[in-house]
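Chains as they are written, first to last, in my numbering: chain A, 1 to 404; chain B, 1 to 106; chain C, 1 to 87; chain D, 1 to 153. In what follows, a structure is listed as structure tokens, so that the remarks can point back to it.
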Amino acid sequence: MNAVVLIDTLLLILVTITAVAIIEVRNLYASVMLTSVYSLLMALVWVNMHSMDVAFTEAAVGGGISTILLIGTLVHTAREERPIKARVHWKALLVTAVTGAALIYGTFDMPRFGDPHAPIHHFRVPEMMAQTVGFANGTKGKQAPPEGFDAREYRSFNGRVADIPDDPTDTAWRETSVLAQDGIIVPKVIGHAAHAPVHDDAGHHPHPADDFNGHVPNSVTSLLAAYRGYDTMFETTVIFTAGISLIMLLRRPRRQGEAQVGAPMVDQAVLRVVTKMSVPFILLFGLYVITHGELGPGGGFQGGVVIACGFILYALIFGRAALYRVLPPPVIDVLTGLGVLLYSGTGAACLLLGGQFLDYSMLNRLSPGDGESLGMTLVEYGVGITVSMVMLNIFNQLAEEQPT
Amino acid sequence: MLWNEIVTTVLLGLGCVVSLTGALGLLRMPDFYTRLHTAGKTDSLGQFLILLGLVFVTPDLLTQIKLVGVAMILMIAAPTATHAITKAAHLNDLRPWTKRDPGGEP
Amino acid sequence: MSWVYLATAIALLIGLFIILIRAIIGPTVYDRILATNALGTKTILFVTLLDYISGRTEFIDMAIVYALISFITTIAILKFAEKGRLD
Amino acid sequence: MTHVLGIYNYWIYVLLMMIGLYGVIAKPNLIKQAIALGLFQTGIFLYYISMAVIDDGTAPVWFVDPQDPGQKFMGPYDNPLPHVLILTAIVVSVSVLAVALALIINIRRAYGTIEADQIEVMDQQDRLAEFRAGATLDAADAAELAGVGGHHD
Numbered sequence: 001m002n003a004v005v006l007i008d009t010l011l012l013i014l015v016t017i018t019a020v021a022i023i024e025v026r027n028l029y030a031s032v033m034l035t036s037v038y039s040l041l042m043a044l045v046w047v048n049m050h051s052m053d054v055a056f057t058e059a060a061v062g063g064g065i066s067t068i069l070l071i072g073t074l075v076h077t078a079r080e081e082r083p084i085k086a087r088v089h090w091k092a093l094l095v096t097a098v099t100g101a102a103l104i105y106g107t108f109d110m111p112r113f114g115d116p117h118a119p120i121h122h123f124r125v126p127e128m129m130a131q132t133v134g135f136a137n138g139t140k141g142k143q144a145p146p147e148g149f150d151a152r153e154y155r156s157f158n159g160r161v162a163d164i165p166d167d168p169t170d171t172a173w174r175e176t177s178v179l180a181q182d183g184i185i186v187p188k189v190i191g192h193a194a195h196a197p198v199h200d201d202a203g204h205h206p207h208p209a210d211d212f213n214g215h216v217p218n219s220v221t222s223l224l225a226a227y228r229g230y231d232t233m234f235e236t237t238v239i240f241t242a243g244i245s246l247i248m249l250l251r252r253p254r255r256q257g258e259a260q261v262g263a264p265m266v267d268q269a270v271l272r273v274v275t276k277m278s279v280p281f282i283l284l285f286g287l288y289v290i291t292h293g294e295l296g297p298g299g300g301f302q303g304g305v306v307i308a309c310g311f312i313l314y315a316l317i318f319g320r321a322a323l324y325r326v327l328p329p330p331v332i333d334v335l336t337g338l339g340v341l342l343y344s345g346t347g348a349a350c351l352l353l354g355g356q357f358l359d360y361s362m363l364n365r366l367s368p369g370d371g372e373s374l375g376m377t378l379v380e381y382g383v384g385i386t387v388s389m390v391m392l393n394i395f396n397q398l399a400e401e402q403p404t
Numbered sequence: 001m002l003w004n005e006i007v008t009t010v011l012l013g014l015g016c017v018v019s020l021t022g023a024l025g026l027l028r029m030p031d032f033y034t035r036l037h038t039a040g041k042t043d044s045l046g047q048f049l050i051l052l053g054l055v056f057v058t059p060d061l062l063t064q065i066k067l068v069g070v071a072m073i074l075m076i077a078a079p080t081a082t083h084a085i086t087k088a089a090h091l092n093d094l095r096p097w098t099k100r101d102p103g104g105e106p
Numbered sequence: 001m002s003w004v005y006l007a008t009a010i011a012l013l014i015g016l017f018i019i020l021i022r023a024i025i026g027p028t029v030y031d032r033i034l035a036t037n038a039l040g041t042k043t044i045l046f047v048t049l050l051d052y053i054s055g056r057t058e059f060i061d062m063a064i065v066y067a068l069i070s071f072i073t074t075i076a077i078l079k080f081a082e083k084g085r086l087d
Numbered sequence: 001m002t003h004v005l006g007i008y009n010y011w012i013y014v015l016l017m018m019i020g021l022y023g024v025i026a027k028p029n030l031i032k033q034a035i036a037l038g039l040f041q042t043g044i045f046l047y048y049i050s051m052a053v054i055d056d057g058t059a060p061v062w063f064v065d066p067q068d069p070g071q072k073f074m075g076p077y078d079n080p081l082p083h084v085l086i087l088t089a090i091v092v093s094v095s096v097l098a099v100a101l102a103l104i105i106n107i108r109r110a111y112g113t114i115e116a117d118q119i120e121v122m123d124q125q126d127r128l129a130e131f132r133a134g135a136t137l138d139a140a141d142a143a144e145l146a147g148v149g150g151h152h153d
């Protein structure tokens with residue numbers, strides 16, 4: 001039993017207890033607080049499973065924004081759940097028990113936790129991990145691998161070197177490669193980046209069959225922004241749409257001369273001073289998270305949420321009127337759209353430069369790796385701007401006085 | 001074990017003891033203000049001891065600076081939050097528990 | 001050395017468990033807020049220790065985010081308890 | 001024991017999903033239902049991330065040894081693909097939550113309550129009143145109201 005499994009086992013017990021408490025606590029306010037606790041614990045589980053970016057997002061989104069949004073709703077609704085006669089809903093319990101039993105029956109066919117032979121670890125991703133960028137410290141871009149590097153060694157999880165031909169165009173082995181010892185079919189793949197030319201004669205950057213088109217050190221970011229670039233773009237659009245829906249559902253036209261009412265906490269000296277000290281730091285840190293996203297954990301979603309949290313802290317202490325002086329609502333609205341425009345504009349720029357949509361390597365012909373890095377940074381900034389402004393917009397709509 | 005590992009072990013152990021004491025106090029104390037008393041103080045000291053302990057085994061300077069940064073943020077944020085909670089509770093007329101008046105909780 | 005980190009992590013987990021009980025049963029709202037805040041601090045320490053257990057100490061940024069987010073959440077919860085509104 | 005710990009994570013994911021499902025079905029409070037939906041989603045996240053773990057693996061970010069920066073660590077990395085899927089799923093889930101909460105606020109504005117069963121009763125009473133006042137109804141409404149009216153009478 002290794003450390004990961006031990007901590008995982010213990011943490012998940014805590015998570016389950018919290019989940020039951022969230023559902024069963026009568027007081028909605030307590031339930032919201034426990035939701036924040038639940039998100040923090042869940043983020044610990046992600047960290048323990050080495051999923052740094054997800055933990056980052058869960059902590060920022062689940063622990064921060066979701067809690068604030070739920071509290072913002074409690075302001076306009078009731079704090080207490082209406083007492084119901086029966087504590088246990090037997091029909092619901094029966095339904096969940098049957099469904100749960102069926103799902104648990106399904107888990108017996110799953111590969112065990114952390115099994116290196118599981119199919120997920122043998123398809124496509126080993127290939128990505130063997131791509132040859134980022135060898136020298138702090139440099140990016142496609143480079144020659146160091147002396148003695150064999151992309152095939154990485155793939156042989158149990159010390160077995162697969163018999164992969166050196167010629168990258170020879171793909172016949174893919175269909176027939178079977179590790180007969182264990183009876184496990186391993187789709188062996190080849191580290192083509194070590195072999196493929198950076199440019200062909202016409203100056204085009206050819207796409208090998210399985211190019212992930214992303215070669216920054218954080219493979220999560222390169223998957224997010226390059227391999228699944230379209231998906232992330234439309235995910236940003238989903239968030240944008242959510243912001244628009246919130247405006248349509250909750251914003252009401254402000255009458256002329258209507259005073260901004262609010263309850264700022266400026267009378268609390270300690271909070272005021274600490275907030276004034278920390279807000280610039282939080283905003284700067286959010287920008288760092290966005291920019292650093294391709295080198296370490298972080299990225300547009302996380303950084304955007306951190307920036308939004310910084311502004312929300314300012315609004316909590318100094319009142320929403322003060323926030324509107326810094327960021328007027330029209331500016332927030334414009335920036336919301338600008339982020340999506342930056343994302344799709346980066347894709348269109350690649351198109352105009354002669355590549356495919358979102359083929360970042362076109363942004364720098366001389367060094368495609370640097371072009372990819374630049375494109376990913378631009379895209380992350382687009383995501384970050386949209387996410388932060390939408391979250392801020394949602395907060396503003398929820399915090400606003402609602403007509404009853 | 002090298003000297004820095006011994007220092008780290010001692011500091012982490014101390015931090016654990018302090019943190020656990022605070023947690024236990026949070027559970028066992030009779031009313032809000034006494035719980036605040038244990039939790040607020042031990043939180044700050046415990047996190048400082050553990051983060052300081054980790055500094056000694058960190059090889060590179062950047063991570064050491066980040067660790068100290070985390071400790072600094074916590075040193076500012078945790079007492080601020082505790083102060084604000086106390087103030088809010090006090091303003092909302094939460095009476096402290098006494099032996100004479102054991103019903104301090106509303 | 002990793003057993004020291006692991007032992008510390010387990011001790012912190014026990015602490016988390018105890019505080020969680022207070023967060024669930026806590027009779028007043030302020031008890032719950034206090035427990036949430038204390039849980040946040042313990043979580044930050046736990047994240048740092050997990051980085052050391054896995055040997056990837058460059059992920060300390062996580063702890064900074066946790067510290068900031070936990071602070072902001074506490075202030076938001078508190079503001080609702082005190083003023084009954086968010087702006 | 002090893003076998004149990006091997007699929008323990010998947011059991012917990014089922015448990016979390018079912019806790020969420022129970023909340024959605026059993027609790028009439030709309031905010032509670034939104035929170036329970038979040039729990040349900042987290043169960044699915046746990047399922048995905050659990051699949052990504054590999055024994056003795058490390059985070060899928062290139063590990064560069066500070067002592068020897070030229071050499072890249074080639075040991076097993078966890079699978080980054082589920083991480084990416086879940087990262088975007090979390091952000092979408094907060095968008096869903098935000099829209100749900102906005103709808104709940106509007107429901108509260110219209111009905112004065114956020115309990116699903118009370119809202120249902122109010123809806124039925126409203127339409128029953130319309131029916132008795134002789135309002136013209138389409139076939140589906142009429143059929144439903146006939147059932148409701150019969151039930152109440």
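Idealized CB from N, CA, C, for every residue including glycine.
By Cβ distance, which residues of its chain are closer than 7 Å to residue i, with the 5 residues on each side in sequence left out?
i: L249/A; result: none
i: I71/A; result: V32
i: F301/A; result: T57, V383, V387
i: I68/A; result: I312, F395
Between residue i and chain C, is the shortest Cβ-Cβ distance under 8 Å, so that the two count as touching?
i: T42/D; result: no
i: S36/A; result: yes
i: F285/A; result: yes
i: L91/B; result: yes
i: Y29/A; result: yes
Out of the options, state which residue places its alpha-carbon closest to the alpha-carbon of residue i.
i: V29/C; options: Y52/C, T74/C, L86/C; result: T74/C
i: E400/A; options: E80/A, N27/A, Q302/A, A321/A; result: A321/A
i: V4/D; options: E380/A, R112/A, D8/A; result: R112/A
i: G304/A; options: E24/A, I120/A, G384/A, L313/A; result: G384/A
i: G299/A; options: V4/A, I13/A, T232/A; result: T232/A
i: G310/A; options: P280/A, R252/A, R79/A, L352/A; result: P280/A
i: D61/C; options: G296/A, H117/A, P83/A; result: G296/A
i: G347/A; options: D359/A, T336/A, I7/A; result: D359/A
i: M265/A; options: T34/B, K87/B, R95/B, T98/B; result: K87/B
i: H50/A; options: I17/A, V61/A, I7/A, I23/A; result: I7/A
Flag residue i as yes if its beta-carbon sits less than 8 Å from any beta-carbon of chain A, otherwise no.
i: A76/C; result: yes
i: K66/B; result: no
i: A11/C; result: no
i: A98/D; result: yes
Please check if any C-beta of chain B sits within less than 8 Å of the C-beta of residue i.
i: R22/C; result: yes
Leaving out the 5 sequence neighbours to the left and right, which residues in its chain are closer than 6 Å to residue i when beta-carbon positions are compared?
i: P28/D; result: E115, A116, D117
i: T176/A; result: In this predicted model, T176/A has a pLDDT of only 40, less than 50, meaning its place in the structure is not dependable enough to derive any value.
i: V25/A; result: S31
i: E82/C; result: none
Is the shortest distance between the beta-carbon of residue i and the beta-carbons of chain D less than 8 Å?
i: T237/A; result: no
i: R251/A; result: no
i: P206/A; result: With a pLDDT of 40 at P206/A, under the threshold of 50, the predicted position of this residue should be treated as unreliable, and no value is reported.
Would the stretch 326-341 of chain A count as touching the stretch 385-395 of chain A if we require 3 or more Cβ pairs under 8 Å? yes
Interface positions of the stretch 4-24 of chain D facing chain A (Cβ-Cβ less than 9 Å), listed along the chain: L5, G6, I7, Y8, N9, Y10, W11, I12, Y13, V14, L15, L16, M17, M18, I19, G20, L21, Y22, G23, V24
Proximal residues, the stretch 62-76 of chain C versus chain B, C-beta separation under 8 Å: A63, I64, A67, L68, S70, F71, T74, I75
Contact set between the stretch 34-58 of chain C and chain A, restricted to residues whose Cβ is under 7 Å from the partner: T36, L39, G40, T43, F46, V47, L50, I53, S54, E58
Between the stretch 46-61 of chain D and chain C, which residues of the former have CB atoms less than 7 Å from a CB of the latter, in chain order? T58, A59
Report yes or no: do three or more beta-carbon pairs, one from the stretch 307-327 of chain A and one from the stretch 233-253 of chain A, lie closer than 8 Å? no
Assess contact between the stretch 36-48 of chain C and the stretch 12-28 of chain C, defined as three or more Cβ pairs (one per stretch) separated by less than 8 Å. Is contact present? yes
Of the residues that make up the stretch 83-96 of chain D, which ones have a beta carbon closer than 7 Å to any beta carbon in chain A? H83, V84, I86, L87, T88, I90, V91, V92, V94, S95
Mind listing which residues of the stretch 258-279 of chain A have their C-beta closer than 7 Å to chain B's C-betas, in chain order? Q268, V270, L271, V274
Please confirm if the stretch 62-70 of chain B is in contact with the stretch 26-46 of chain B, defined as three or more CB-CB distances below 8 Å between the two stretches. no
Is the number of C-beta pairs between the stretch 48-63 of chain D and the stretch 47-61 of chain C that are closer than 8 Å three or more? yes
Contact list for the stretch 68-97 of chain B against chain A, Cβ threshold 7 Å: I76, T80, H83, A84, K87
Check whether the stretch 66-84 of chain A touches the stretch 56-68 of chain C, counting contact only when three or more Cβ pairs, one atom from each stretch, lie closer than 8 Å. no
At least 3 beta-carbon pairs within less than 8 Å: the stretch 269-284 of chain A vs the stretch 13-28 of chain B: no
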